[in-house]
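Student: Residue numbers (our numbering): 86 to 615.
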Amino acid sequence: MKIKSDILVIGSGIAGLSFALKTAKKFPLKKINIITKGEALESNTKYAQGGIATVYDLNKDSFEAHIKDTMVAGDHLNDPEIVKMVITQAKERLDELLQWGVDFDKDDKGNFDLGKEGGHSKNRIFHHKDITGFEIEQSLLKKVKNLPNVSFYPYHFAIDLITEHQVFGDLIDLESEKTVFGAYVLDEKDKQVKTFIAKYVMLATGGSGQVYKTTTNPFVATGDGIGMAYRAKAKIADMEFVQFHPTALYNPGESPAFLISEAVRGYGGKLFNRKGERFMTRYDERLELAPRDIVAKAIDSEMKKYGDDFVLLDVSHLNYTDFIKHFPNITKKCQSLGIDIRKDRIPVVPAAHYQMGGIVVDKNAKTSIKNLYASGEVSRTGLHGANRLASNSLLEALVFSHNAAQDLEKNFDENYKLPSIPEWIDTSAHRNMEKILITHDTNEVKTIMTNYVGIVRSNERLLRALRRLYVLYQDNKRLYDHAELTTELLELRNLITTAYLIVEFSRKRKENKGGFYNMDLDKKTKDTYQ
Ligand code: FAD
Ligand code: SIN
86 MKIKSDILVI GSGIAGLSFA LKTAKKFPLK KINIITKGEA LESNTKYAQG
136 GIATVYDLNK DSFEAHIKDT MVAGDHLNDP EIVKMVITQA KERLDELLQW
186 GVDFDKDDKG NFDLGKEGGH SKNRIFHHKD ITGFEIEQSL LKKVKNLPNV
236 SFYPYHFAID LITEHQVFGD LIDLESEKTV FGAYVLDEKD KQVKTFIAKY
286 VMLATGGSGQ VYKTTTNPFV ATGDGIGMAY RAKAKIADME FVQFHPTALY
336 NPGESPAFLI SEAVRGYGGK LFNRKGERFM TRYDERLELA PRDIVAKAID
386 SEMKKYGDDF VLLDVSHLNY TDFIKHFPNI TKKCQSLGID IRKDRIPVVP
436 AAHYQMGGIV VDKNAKTSIK NLYASGEVSR TGLHGANRLA SNSLLEALVF
486 SHNAAQDLEK NFDENYKLPS IPEWIDTSAH RNMEKILITH DTNEVKTIMT
536 NYVGIVRSNE RLLRALRRLY VLYQDNKRLY DHAELTTELL ELRNLITTAY
586 LIVEFSRKRK ENKGGFYNMD LDKKTKDTYQ
């Protein structure tokens, strides 16, 4: 079945929805399709807690300070032009969110109640209690669903981008620039592959935290966009930089891991090891509010030193009434596990949280494939460098989706005629493979990545990971060629590709920076971090 539109958006998080909202308004006569692999609401965006970093009042904060904090957190691998562009545009994007009905907390005087997080020199985080992402996601969805020229396709899984490769087969020149013409998409309910054709495509499929065992990312974050882009030969960069959030709640068996927002440390939360030492004093003068890579590495090291499964976050010295007002969801979660934060310390562990690398885009979110944009966590814009500053991600998605919509308004080619696009060719033998094999392989990817490609890596660990992933890749290819296509199988295919890219980029990196640490590259600290 062929489904045509002018613009196809893949993904319904903040990047996809804000782009769809803008383009639908700019092009009221053009048709926009949004496909998303689960329920429309399900996304990393929905779980964002801390908020959005924005310099709003120049009397109290400055662009220069936010720029400096972003560059320091990113270990100066950031692109300075992009950092400046994003940070100076933030107020405009935040005002737009307010116009779209997003509610941010205010204090008793009616001023925005700005939070603080690791690596920020000022309070500049706009938030809605501790459920900022949910507030944004549902406000955007409400708006987008009311637009007459937008159609929504939930439970539609994008398998692959359509480029010259599928249209012209072996006749294509492998070296020439590629163009996107749409995507092949599995309708998860009907179990048929549909051909979504469009002149322009926005890829906004989010991150890949699910390649690790312990992650804050929901089940949809399986690196599908990276897998699709890699197979379509788009340029990809910085995949070695994976951000581990220092403080996910330690609750064995719960997946994804529940996040204890960095804003809790910004509010005064302190970290202790099992011996009762405030160990951050040994690692960084900024203590609990050092950038994430430093705090996560310190926790990982303390856990290994004492053979512990977690460290402890203490908020018992803070005013309980005020704390609940700011963090009602976190308080409720702790209560549900019998943790009384007035006297009990909260057990926390680092968890895979954010993918800094991704599909390379320019300032207008254009990828190396013609007519393909990418925005949000799937993209590599140059904002984050080697480690993302807290609460810069929602902002990045808003800015790049805005720029992409502006770019499309300027450059939409009315005369452009798409070539004839073939339907999906089903070559599989439709054999019903045991589902458990896919589950085993998925668990194996997570185990390999957690054991060998975590916070601390080494040449030997990376080589082991590569060898084991290769075996899984071959098994998956066989399954893909012969078995009935299912979401689980397709996700596994993308998890393996993403894991492979993280390993290969890690093997190529010859200097430790930000979120990347290979102990073989650092003789000095070899004894500190294990
Ligand atoms: P997502 O919001 O993840 O959306 C991706 C969409 O693509 C989803 O709808 C998904 O279903 C869909 N999709 C994926 N694959 C396919 C496919 N194959 N076919 C069809 N659809 C597909 N950042 C901040 O700036 N501030 C915070 O406070 C903050 N807190 C966070 C807390 C948590 C627990 C987590 C997990 C992240 C947090 N982040 C925060 C990071 C931030 O939430 C994400 O980086 C951001 O929301 C990404 O938005 P996105 O639109 O790129 O992707
Ligand atoms: C958090 O609330 O700690 C997450 C913020 C972020 O990932 O930017």
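Glycine included, every Cβ here is placed at the ideal spot set by N, Cα and C. Because the structure is a prediction, the values reported are computed rather than measured.
1. So G291 and G98 are supposed to be a Cβ contact under 8 Å. How far apart are they, rounded?
2. Leaving aside the five residues before and after L551 along the sequence, list all residues of the same chain whose C-beta is less than 6 Å from its C-beta, in chain order.
3. So, for E202: in the same chain, excluding its five sequence neighbours on each side, which residues have a beta-carbon less than 7 Å away from its beta-carbon?
4. Please work out which residues of its chain come closer than 6 Å, Cβ to Cβ, to K228, disregarding the five sequence neighbours upstream and downstream, and give them in chain order.
5. Counting C-beta neighbours from all protein chains within 10 Å, is the total for T217 16 or more, i.e. buried, or is it exposed?
6. Just to confirm, does L457 get its C-beta within under 7 Å of one of the non-hydrogen atoms of the ligand SIN?
7. Quick one: what's D188 bridged to in DSSP?
8. Quick one: what's got a C-beta closer than 8 Å to K451's C-beta in the same chain, skipping five residues either side?
9. So, using beta-carbon positions, are D309 and E576 closer together than 8 Å?
10. Cα-Cα, which of L256, K355, K298, A150 is closest to N336?
11. Work out the CA separation of F329 and K360 for me, nearest whole Å.
12. Return the Cβ separation of F148 and T173 in integer angstroms, given the expectation that the two are a contact with Cβ distance under 8 Å.
13. Between the alpha carbons of L564 and K520, how many angstroms are there, rounded?
14. Starting from H438, trace the beta strand (DSSP E) in both directions and tell me its first and last residue.
15. How do the segment 242-250 and the segment 262-279 stand: do at least 3 beta-carbon pairs fall below 8 Å, yes or no?
16. List the DSSP bridge partners of G443.
17. Cβ of I152 less than 8 Å from any chain B Cβ?
18. How should E462 be labelled, buried or exposed, when 16 other C-beta atoms within 10 angstroms of its C-beta is the threshold for buried?
19. In this structure, what does DSSP give as the bridge partners for M287?
20. For a test of the three-state rule: what should DSSP assign to F253, helix, strand or coil?
21. Please list, in chain order, all residues of the same chain as L483 whose beta carbon is under 6 Å from its beta carbon, the five residues on each side excluded.
22. Buried or exposed for T466, please, with buried defined as at least 16 other CB atoms from any protein chain shown within 10 angstroms of its CB.
23. Should F242 be listed as close to the ligand FAD, given that the test is whether its C-beta is under 7 Å from any heavy atom?
24. Starting from the N-terminal end, write out each residue whose C-beta falls within a distance shorter than 5 Å of any non-hydrogen atom of the ligand SIN.
25. So, helix, strand or coil for P239, using DSSP?
26. Tell me, to the nearest whole angstrom, how far the beta carbon of D215 is from that of H411; I am working on the premise that it is less than 8 Å.
27. Is DSSP giving Q295 helix, strand or coil here?
28. Is it right to say K191 is buried, meaning 16 or more other beta carbons lie within 10 angstroms of its own, or is it exposed?
29. With distances taken from CA atoms, which of M287, I384, N561, E124 is nearest P331?
30. Give, in chain order, every unbroken run of the alpha helix (DSSP H) that is at least 4 residues long and sits entirely within the segment 154-205.
31. Along the chain, where does the beta strand (DSSP E) containing N561 start, and where does it finish?
32. Considering only the alpha carbon of each residue, which of K320, F242, V433 lies closest to V446?
33. Would you say S128 touches the ligand SAH, meaning its beta carbon is less than 7 Å from a heavy atom?
34. My assumption, with CB atoms under 8 Å, is that A289 sits in contact with V94. Please give the rounded CB distance.
35. Assign R430 to buried or exposed, taking buried as 16 or more other Cβ atoms, counted over all protein chains shown, within 10 Å of its Cβ.
Tutor: Let me lay it out:
1. In the sequence shown, counting from the first residue as 1, residue 291 sits at position 206. In the sequence shown, counting from the first residue as 1, residue 98 sits at position 13. Indeed they touch by this definition, with Cβ atoms about 5 Å apart.
2. Here residue 551 is taken as the residue at index 466 of the sequence shown, counted from 1. Around L551: V588.
3. By one-based count along the sequence shown, residue 202 stands at place 117. Only G135, I210, E347, A348, G351, A475, S476 meet the Cβ criterion.
4. Looking up residue 228 in the sequence shown gives position 143. Excluding residues within five positions, the ones whose Cβ falls inside 6 Å are L106, W185.
5. For this step, residue 217 is matched to residue 132 along the sequence shown. By the neighbour-count rule (16 or more Cβ atoms within 10 Å), T217 is buried.
6. Mapped onto the sequence shown, residue 457 falls at position 372. Every heavy atom of the ligand SIN is 7 Å or more from the Cβ of L457, so no.
7. Here residue 188 refers to the residue found at position 103 of the sequence shown. DSSP, once it has assigned bridges, lists no residue as partnering D188.
8. As a position in the sequence shown, residue 451 is number 366, starting the count at 1. Correct list, in chain order: L457, Y458, A489, D492.
9. For the purposes of this step, residue 309 is taken as the residue at position 224 of the sequence shown. For the purposes of this step, residue 576 is taken as the residue at position 491 of the sequence shown. Against a cut-off of 8 Å, the Cβ pair of E576 and D309 comes out as a contact.
10. The residue given as residue 336 occupies position 251 in the sequence shown. Ranking the options by Cα distance to N336, first place goes to K298.
11. If you number the sequence shown from 1, residue 360 lands on position 275. If you number the sequence shown from 1, residue 329 lands on position 244. Using only the alpha carbons, I get a separation of about 24 Å.
12. The sequence position of residue 148 within the sequence shown is 63, counting from 1. The sequence position of residue 173 within the sequence shown is 88, counting from 1. With a Cβ gap of about 5 Å, F148 and T173 count as contacting.
13. Here residue 564 corresponds to residue number 479 of the sequence shown, with the count starting at 1. Here residue 520 corresponds to residue number 435 of the sequence shown, with the count starting at 1. Rounded to the nearest angstrom, the two C-alpha atoms are 11 Å apart.
14. For the purposes of this step, residue 438 is taken as the residue at position 353 of the sequence shown. Segment 431-440, the beta strand (DSSP E) holding H438.
15. yes
16. As a position in the sequence shown, residue 443 is number 358, starting the count at 1. A322.
17. In the structure shown, chain B cannot be found, because there is only a single protein chain.
18. Working through the sequence shown from its first residue, we reach residue 462 at position 377. With 16 or more other Cβ atoms within 10 Å, it is buried.
19. Here residue 287 is taken as the residue at index 202 of the sequence shown, counted from 1. Paired residues: V94, Y458.
20. Locating residue 253 in the sequence shown gives position 168, counting from the first residue. Reduced to three states, the DSSP call for F253 is helix.
21. Walking along the sequence shown from the start, residue 483 turns up at place 398. Contacts found: S103, R178.
22. Position 381 of the sequence shown, counted from the start, is the residue given in the question as residue 466. T466 is buried by the Cβ-count criterion.
23. Within the sequence shown, the letter at position 157 stands for residue 242. Yes - the ligand FAD has a heavy atom lying nearer than 7 Å to the Cβ of F242.
24. Q134, G135, S346, E347, A475, S476
25. Here residue 239 corresponds to residue number 154 of the sequence shown, with the count starting at 1. DSSP places P239 in coil when its eight states are reduced to three.
26. In the sequence shown, residue 215 corresponds to position 130, counting from 1. In the sequence shown, residue 411 corresponds to position 326, counting from 1. Contact flag correct, Cβ pair sits at about 7 Å.
27. The residue labelled residue 295 in the question sits at position 210 within the sequence shown. In the structure shown, Q295 sits in a helix (DSSP, three-state: H, G or I).
28. Here residue 191 refers to the residue found at position 106 when the sequence shown is read from its first residue. With fewer than 16 Cβ atoms within 10 Å of its Cβ, K191 is classed as exposed.
29. Taking the sequence shown and counting its residues from 1, one reaches residue 331 at position 246. P331 has its Cα closest to that of I384, out of M287, I384, N561, E124.
30. 165-184
31. Reading the sequence shown from its first residue, position 476 is the one you call residue 561. N561 -> not in any beta strand (DSSP E); alpha helix (DSSP H) instead, spanning 544-567.
32. Taking the sequence shown and counting its residues from 1, one reaches residue 446 at position 361. Residue K320 is the option with its Cα nearest to V446.
33. No copy of the ligand SAH occurs in the structure displayed; its ligands are the ligand FAD and the ligand SIN alone.
34. For the purposes of this step, residue 289 is taken as the residue at position 204 of the sequence shown. For the purposes of this step, residue 94 is taken as the residue at position 9 of the sequence shown. Between V94 and A289 the Cβ distance is about 6 Å, and since that is below 8 Å, they are a contact.
35. Taking the sequence shown and counting its residues from 1, one reaches residue 430 at position 345. By the neighbour-count rule (16 or more Cβ atoms within 10 Å), R430 is buried.
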